[in-house]
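Reading through the structure tokens given below for one structure.
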Amino acid sequence: MADLVFYTNPQSRGQTVRWMLEEVGAPYDTEILDYASTMKAEPYLSINPMGKVPAIKHKGKVVTEVAAICCYLADAFPEANLAPPPSDRADYYRWIFFTSGPVEAAFSNKAAGWEPTPERQRMFGYGNYDLAINTLEKALTGREYIAADHFTAADLFVGANVNFMLAFNLLEARPTFVDYARRMTDRDAYRRARDIDSQLVAKAQQPQPA
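Under the UniProt record's numbering, the first residue of the sequence shown is numbered 1, with each subsequent residue one higher.
The following block contains the structure:
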């Protein structure tokens, strides 16, 4: 068994971690979990008591949450050059966690058909959907990469989220977003990850023998 184990379902946020793993290039084992059964039972609940994927175990240590996994893998495998030097990580951390916090909360609530009323916006870290999305657009405007002079885990994480929101019409197809998502996903590692998960989805949908 590899030192690195990836727990996922191919129809989950695990797609982003799969992409990160393919960028890293280290060998890893994959455990596919089912939403209704294995994800909600032992032994997986000992990995993540939330009963959610993705998660990784690396050298016996467990990491959950997509943003945390991406940051961890960038540090654990520095030869992949997926993080700037520590002294240059201000934008790197800023935009990874802005996307995992305010942006995800904003689009998730909007997708569920709910947004905070003006008098309650101070209670929420993102204020309102337009504020979060406009801030992200401003951060991407005029930049080739969001946090360095080369592709990093920040571009992978932000790019994956922008690409997802565009695909499901959760984000207005503004030129800045469309161009950024296209450029960030134009990578061999992204295509490998997409193909692996697509094949797993197709296999799961095949009729099972009686």
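Every residue, glycine too, gets a C-beta built ideally from N, C-alpha and C.
| Item | Value |
| --- | --- |
| Asp-197 - DSSP class collapsed to helix/strand/coil | helix |
| When Glu-23, Val-178, Leu-45, Asp-3 are compared against Asn-81, the one with the closest alpha-carbon | Glu-23 |
| Element boundaries [beta strand (DSSP E), containing Thr-8] | 4 to 8 |
| Where Ile-47 sits in the DSSP three-state scheme | helix |
| Sequence-distant residues of its chain with Cβ nearer than 7 angstroms to Gly-101 (five each side left out) | Gly-125 |
| Distance, Ile-47 Cα to Val-62 Cα | 7 angstroms |
| Beta-carbon proximity check, Pro-84 vs Ala-132, cutoff 8 angstroms | no |
| Inter-stretch contact (C-beta, 8 angstroms, three-pair minimum) for the stretch 5 to 25 and the stretch 150 to 166 | yes |
| Ala-41 versus Leu-33 - alpha carbon distance | 10 angstroms |
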